[in-house]
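Q:
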Amino acid sequence: MPRLVGAVQAVTTQAEQITTFNSTGTFTAQPLTTEVQYVIVAGGGGGGAGGLGGSGGGAGGYRSSVPSESSGGGGSAESLSPVTGGSPYPVVVGGGGAGKVAPDGQVPSGAGSDSSFNSITSDGGGASGENTNPANLNGGSGGGSMYYTFAGGAGTANQGYPGGTGIYLNGSENGGGGGGGAGAAGTSCPPSVTDNRGFDGGVGVASSITGSSVYRAGGGGSTGRFRSEVQGFGGNGGGGNGAFYQSDGSGTIPAPAANPTNPSGSPGVVAQSGTANTGGGGGGCSIGTPAANTSSGAGGSGVVIIKEPEAIGASSIWDLRQVFRQVKAGDWTN
25 MPRLVGAVQA VTTQAEQITT FNSTGTFTAQ PLTTEVQYVI VAGGGGGGAG
75 GLGGSGGGAG GYRSSVPSES SGGGGSAESL SPVTGGSPYP VVVGGGGAGK
125 VAPDGQVPSG AGSDSSFNSI TSDGGGASGE NTNPANLNGG SGGGSMYYTF
175 AGGAGTANQG YPGGTGIYLN GSENGGGGGG GAGAAGTSCP PSVTDNRGFD
225 GGVGVASSIT GSSVYRAGGG GSTGRFRSEV QGFGGNGGGG NGAFYQSDGS
275 GTIPAPAANP TNPSGSPGVV AQSGTANTGG GGGGCSIGTP AANTSSGAGG
325 SGVVIIKEPE AIGASSIWDL RQVFRQVKAG DWTN
């Protein structure tokens with residue numbers, strides 16, 4: 025059969041492609057793709073709700089293979105994930121954990137659900153609450169605690185940081201711990217706390233995998249008992265703010281709990297949920313913030329982002345100009 029000796033095949037190129045999964049689905053690699061970059065963020069944990077304060081939910085675990093960027097918990101970027109061009113890969117995007125209604129603090133809020141791709145799993149964010157078993161607060165990033173001096177939950181290595189410690193000294197000196205973030209621990213309430221106050225959730229981690237820098241996986245903010253002279257803010261990266269309230273609300277706090285510091289009717293802010301598709305933790309609440317038996321914020325859902333690099337490969341079609349040149353030169357042989 026005739027063949028070309030040393031003939032050059034035409035080349036094909038494959039453009040860079042970024043695929044973002046905001047919900048569970050299937051990733052199919054382009055034909056020339058052999059490895060991909062990824063950012064995998066799990067769902068965040070719900071904020072805590074209790075009679076003694078409200079703690080922040082832990083952010084979802086954060087794993088990244090983007091060169092020169094970081095994974096959560098201070099971890100380095102992981103290796104690129106090998107794939108086979110044209111093959112399908114299941115992608116799971118974890119949901120955020122549910123919040124709780126105050127004063128249901130003895131039962132922790134819901135933990136976030138895991139996200140995964142190609143056997144790489146990020147752990148759901150830790151729940152938060154007054155529960156004395158710290159294992160219930162562990163997760164990708166740990167949820168904050170709010171019961172006396174119990175520590176917040178632990179974060180998973182190379183995915184996230186721990187939640188903050190909650191303190192309860194008496195009815196007017198207390199605060200929940202902020203939820204852990206992928207980039208920093210949740211803020212702990214200090215032993216010398218004065219007034220009822222909230223504390224901030226840990227910051228998330230930034231990635232430019234989509235072309236612009238975006239923070240994800242911030243921890244939820246906390247709050248104090250009954251009211252909170254200082255609001256706890258969610259960490260940059262989708263963490264929800266803790267509830268905030270400075271009034272007895274014209275009877276919304278059951279007597280004798282009402283202890284107003286501002287005129288009746290001062291505005292209150294309910295706990296915020298973590299932002300969807302960031303893995304942010306939910307904000308905490310307590311009774312009276314801003315009304316009796318309000319709910320803490322739910323955790324934000326996770327996200328999976330996959331980046332295929334530009335690729336060059338050989339085509340099965342001959343370059344006809346090269347065929348002509350090689351026939352003329354006598355390189356077309358049987």
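In my numbering, the protein residues as written are 25 to 358. Ideal placement from N, C-alpha and C gives every residue a C-beta, glycine not left out.
Find out if the Cβ-Cβ distance for the pair T247, G259 is shorter than 7 angstroms.
A: Position 223 of the sequence shown, counted from the start, is the residue given in the question as residue 247. Position 235 of the sequence shown, counted from the start, is the residue given in the question as residue 259. No; because the gap between Cβ atoms is not below 7 angstroms, this pair is not in contact.
Q: Return the CA-CA distance between T145 and G199, expressed in angstroms with no decimal places.
A: Translated into positions along the sequence shown, residue 145 becomes position 121. Translated into positions along the sequence shown, residue 199 becomes position 175. Between T145 and G199, the C-alpha separation is close to 33 angstroms.
Q: Could you check which residue in G78, V63 and Q41 has the C-alpha nearest to that of F268?
A: Locating residue 268 in the sequence shown gives position 244, counting from the first residue. Ranking the options by Cα distance to F268, first place goes to G78.
Q: Taking the C-alpha atoms as reference points, what is the distance between L104 and G228?
A: Residue numbering aside, residue 104 sits at position 80 when the sequence shown is read from its first letter. Residue numbering aside, residue 228 sits at position 204 when the sequence shown is read from its first letter. Roughly 22 angstroms between the two C-alpha positions.
Q: Identify whether Q41 lies in helix, strand or coil by the three-state DSSP scheme.
A: In the sequence shown, residue 41 corresponds to position 17, counting from 1. Q41 falls in the strand class under three-state DSSP.
Q: Can Y185 be considered in contact with the ligand SAM, in the sense that its beta carbon sits closer than 6 angstroms to one or more heavy atoms?
A: As far as ligands go, the structure on display features none, and thus does not contain the ligand SAM.
Q: Across which residues does DSSP place Y113 in a beta bridge pair?
A: Against the sequence shown, residue 113 aligns to sequence position 89. For Y113, which the question treats as bridged, DSSP gives the partners F51.
Q: Helix, strand or coil for A267 per DSSP?
A: Numbered from 1 along the sequence shown, position 243 holds the residue referred to as residue 267. It is coil, neither helix nor strand.
Q: Who pairs with F141 in a beta bridge, going by DSSP?
A: Against the sequence shown, residue 141 aligns to sequence position 117. The partner list for F141 (beta bridge, DSSP) reads V115 and I144.
Q: What is the residue span of the beta strand (DSSP E) that E154 lies within?
A: For the purposes of this step, residue 154 is taken as residue 130 along the sequence shown, with counting starting at 1. No beta strand (DSSP E) contains E154, which DSSP labels as neither H nor E.
Q: Out of E59, S111, G118 and T108, state which residue places its alpha-carbon closest to the alpha-carbon of V90.
A: Along the sequence shown, one-based indexing puts residue 90 at 66. Comparing Cα-Cα distances from V90 to each of E59, S111, G118 and T108, the minimum goes to E59.
Q: Could you name the residues that DSSP lists as bridge partners for Y192?
A: Here residue 192 corresponds to residue number 168 of the sequence shown, with the count starting at 1. For Y192, which the question treats as bridged, DSSP gives the partners N198.
Q: Contact between the region 146-154 and the region 201-215 is defined here as three or more beta-carbon pairs at a separation below 8 angstroms; is this criterion met?
A: Taking 8 angstroms as the limit for Cβ pairs, the verdict is that the region 201-215 does touch the region 146-154.
Q: Where D138 and R249 are concerned, what is the direct C-alpha to C-alpha distance, given to the nearest angstrom?
A: Along the sequence shown, read from residue 1 onward, the residue named residue 138 stands at position 114. Along the sequence shown, read from residue 1 onward, the residue named residue 249 stands at position 225. Approximately 31 angstroms, taken between the alpha carbons.
Q: Pull up the DSSP beta-bridge partners for G136, would you.
A: Taking the first residue of the sequence shown as position 1, residue 136 is located at position 112. According to DSSP, G136 bridges with nothing at all.
Q: In angstroms, rounded to a whole number, what distance separates the CA positions of G163 and P132?
A: Here residue 163 refers to the residue found at position 139 of the sequence shown. Here residue 132 refers to the residue found at position 108 of the sequence shown. Each residue's Cα considered, the two are about 13 angstroms apart.
Q: Check for me: the beta strand (DSSP E) holding E334 runs from which residue to which?
A: Within the sequence shown, residue 334 is the residue found at index 310, counting from 1. E334 -> no beta strand (DSSP E), and no H or E assigned at all.
Q: Taking A230 as part of the beta strand (DSSP E), name the residues at either end of that continuous run.
A: For this step, residue 230 is matched to residue 206 along the sequence shown. Element bounds for A230: V229 to S231.
Q: Are G167 and G188 closer than 7 angstroms when you measure CB to CB?
A: The count along the sequence shown starts at 1 and reaches residue 167 at position 143. The count along the sequence shown starts at 1 and reaches residue 188 at position 164. No.
Q: What whole-angstrom Cβ distance do G305 and G96 have, given they're in contact under 8 angstroms?
A: Numbered from 1 along the sequence shown, position 281 holds the residue referred to as residue 305. Numbered from 1 along the sequence shown, position 72 holds the residue referred to as residue 96. That pair is no contact at about 13 angstroms.
Q: To the nearest angstrom, report how far apart V125 and G74 are at their CA atoms.
A: For the purposes of this step, residue 125 is identified with residue 101 of the sequence shown, where counting begins at 1. For the purposes of this step, residue 74 is identified with residue 50 of the sequence shown, where counting begins at 1. V125 and G74: Cα-Cα distance of roughly 8 angstroms.
Q: Would you give the residue range spanned by the beta strand (DSSP E) that I64 belongs to?
A: Counted from its first residue, the sequence shown places residue 64 at position 40. Element bounds for I64: E59 to V65.
Q: Hey, quick one: how far does the beta strand (DSSP E) through S79 stretch, first residue to last?
A: Position 55 of the sequence shown holds residue 79. Careful: S79 lies outside any beta strand (DSSP E) and carries neither H nor E.
Q: Looking only at DSSP bridge pairs, what is S88 linked to?
A: On the sequence shown, residue 88 is found 64 positions in, with the first residue counted as 1. Answer by DSSP bridge pairing, in chain order: V63.
Q: From which residue to which residue does the beta strand (DSSP E) around Y239 run?
A: Stepping through the sequence shown from its first residue, residue 239 is reached at position 215. Taken as a continuous stretch (DSSP letters only), the beta strand (DSSP E) holding Y239 covers V238 to R240.
Q: Could you check which residue in N160, G225, S216 and G98 has the C-alpha nearest to that of Y192?
A: For the purposes of this step, residue 192 is taken as the residue at position 168 of the sequence shown. Measuring from the Cα of Y192, the nearest candidate turns out to be S216.
Q: Can you tell me whether G262 is helix, strand or coil according to DSSP?
A: Locating residue 262 in the sequence shown gives position 238, where the first residue counts as 1. It is coil, neither helix nor strand.
Q: Roughly how many angstroms separate the alpha carbons of F397 and I330, rounded to a whole number?
A: Missing from the structure shown is residue 397; the chain here goes from 25 to 358 and no further.
Q: With DSSP as the reference, label G97 as helix, strand or coil.
A: As a first step, residue 97 must be located in the sequence shown, where it is residue number 73. Of the three classes helix, strand and coil, the one that applies to G97 here is helix, per DSSP.
Q: Can you find the residues in the same chain that come closer than 6 angstroms, C-beta to C-beta, to S100, ignoring five residues on each side of it along the sequence?
A: As a working mapping, residue 100 is identified with position 76 in the sequence shown. Nothing listed; no residue qualifies.
Q: Look up V125 in the DSSP assignment and give the residues it is bridged to.
A: What you label residue 125 is simply residue 101 of the sequence shown in a count that begins at 1. Answer by DSSP bridge pairing, in chain order: S319.
Q: Could you check if S288 is buried or exposed, using at least 16 other CB atoms within 10 Å of its CB as the buried criterion?
A: The sequence position of residue 288 within the sequence shown is 264, counting from 1. Confidence at S288 is low in this model, with a pLDDT of 46, below 50, so its placement is unreliable and the value that follows should be read with caution. By the 10 Å Cβ count, S288 comes out exposed.
Q: What residues in its chain sit with their C-beta under 6 angstroms from that of A208, if we drop five residues either side in the sequence?
A: In the sequence shown, residue 208 corresponds to position 184, counting from 1. Here the set comprises Y185, G226 and V227.
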